[in-house]
Amino acid sequence: MQKTRKFSDKILLVLKGLAMGAANKVPGVSGGVIAFVAGFYEEFIFSLKRINLNSLKLLVNGRFRSLYYYTNSKFLLLLILGMVISYFSVSKLLDYLLEHYELYVWASFFGMILGSIYYISKDFEAWNKKNLALAILGVLAGISISWLEPAAENDNLWFVFFCGIIGVSGMTLPGLSGSFILILLGNYVLLLVDAVNALYDTLAQVAVWDFSFLENEERMRLLQVLLVFTAGSVAGLVSLSHLLGYLLKHYKNATFAVIIGFITGSLGVVWPWKEAEFRKDSEGVFVFDKNGNKIIDNYDRYLPDVGDLQTWLAIAFIILGAAIVLWLAWLENRNKVEYA
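Residue numbers (my numbering): -6 to 333.
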């Protein structure tokens, strides 16, 4: 299953992992869309599917070389490397851009999804009544999710494990944003802000041999939460990949139709012209996270003002976003490989 890659292909794969990781962190954007459009979605799913009993037997028997090739580890490790780099670099930059240039960031992602829809659907030749109906269901599901009301934060470890399973869905299900789902479940700030910050602070202390955090109950709680969330994410990644691998093998056209619909429905989540609605308590007072930031509940969407210069700049970013996606797709199509 291993694909021979040139050095430039390896660098490009790391960059795709970087883009995938950044997309996963933005509420409303799915890293799976990046994988789908960039042409490595099927390889990604089938590589994850190889994490099974056979790979466990190879590990137990010490057959590491066979395990490496069986699980397509070179591909997965390069992709994961890009995601890790993204988490500590590009995702930080995205946080800054979302705070200061929110309209243009959303416009860029909106354009990326538009470009994705065009690219995926233009070569899809299996349109019939059944697949059209499945695509429409996907659109309705995507739109419905964007209008759900978020729940309250819940740090129960079983629920956190469930959040891990759901949160990783954005990597395997194009159009479904794992981070947006975490907002709906009420745990986005807890899992992707507070817990990650706790890990960063802990690593910084360990680097200078400072282990005082072991006596910090709040820090240890957050690290425990992050560990359980990570376990849930791994479980979700493996289980969903097996399900999707089966669907792609036996119902490929129907699965693609649902994915096209779902990605189209997700446009409602990343609509650029919107204002954040912040969470309030029962007395109407804003709720803040541990860093003093207001917690976003959802977004109030509106139509753009065509007489505003910012509107036309946003449209330019939409076009740029679509162009980036189509360029990535063109690069991948030069050396495309089918996986079975």
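Cβ coordinates follow ideal geometry from the N, Cα and C atoms, glycine included.
Under 8 Å between C-beta atoms of residue i and residue j
| i | j | result |
| --- | --- | --- |
| Val251 | Leu127 | yes |
| Phe206 | Arg212 | yes |
| Gly277 | Ser226 | no |
| Ile73 | Ser234 | no |
| Leu106 | Leu296 | Reading off the sequence shown, one finds Ile at residue 106, where the question assumed Leu. Against a cut-off of 8 Å, the Cβ pair of Leu296 and Ile106 comes out as no contact. |
| Leu11 | Gly108 | no |
| Pro265 | Trp140 | no |
| Gly238 | Gly104 | no |
| Gly254 | Leu60 | no |
| Tyr112 | Val318 | yes |
| Val7 | Leu71 | yes |
| Ala188 | Phe222 | yes |
Of the residues the options, the one placed nearest residue i, counting alpha carbons only
| i | options | result |
| --- | --- | --- |
| Val26 | Ser205, Leu60, Ser114 and Tyr181 | Ser114 |
| Leu175 | Val7, Leu8, Leu5 and Asn17 | Asn17 |
| Ala228 | Tyr111, Phe155 and Leu130 | Phe155 |
| Asp148 | Gly179, Pro167, Met164 and Phe173 | Gly179 |
| Leu46 | Ser79, Asp2 and Val231 | Val231 |
| Tyr94 | Ala315, Val318, Trp323 and Gln303 | Gln303 |
| Lys122 | Trp323, Asn246 and Asp298 | Asn246 |
Integer-rounded CB distance, given that residue j should sit under 8 Å from residue i
| i | j | result |
| --- | --- | --- |
| Ala197 | Leu87 | Actually they do not touch by this definition, with Cβ atoms about 21 Å apart. |
| Thr257 | Val132 | 5 Å |
| Ala31 | Lys(-1) | Not confirmed; about 17 Å, so no contact. |
| Val262 | Ser170 | 6 Å |
| Leu219 | Ala191 | 7 Å |
Proximal residues to residue i (C-beta, below 7 Å), its chain only, five neighbours per side dropped
| i | result |
| --- | --- |
| Leu306 | Tyr97 |
| Ala224 | Phe154 and Gly157 |
| Trp120 | none |
Neighbourhood of residue i by C-beta, 6 Å cutoff - its chain only, sequence neighbours within 5 removed
| i | result |
| --- | --- |
| Glu167 | Going by the sequence as given, residue 167 is Pro instead of Glu. Ser23, Gly25, Val26, Phe29, Ile252 and Ile256, listed in sequence order. |
| Tyr332 | Its pLDDT being 43, under 50, Tyr332 is placed unreliably by the model, and the measurement read from it follows with that caveat. Excluding positions up to five away in sequence, the list reads Glu35, Glu36 and Phe39. |
| Tyr80 | Gly14 |
- Item | Within the segment 140 to 201, ranges of the beta strand (DSSP E) (whole runs, at least 3 residues) | Whole beta strand (DSSP E) segments, 3+ residues: zero.
- Query: Where in the segment 35 to 119 do unbroken runs of the alpha helix (DSSP H), each at least 4 residues long, occur, reported from the N-terminal end onward?
  - Reply: If we require 4 residues or more, the alpha helix (DSSP H) runs fully inside the segment 35 to 119 come out as 46 to 53, 57 to 63, 66 to 80, 83 to 93 and 95 to 115.
- Output the residue ranges of the beta strand (DSSP E) runs that lie fully inside the segment 199 to 274 and measure 3 residues or longer, sorted by chain position. 267 to 271
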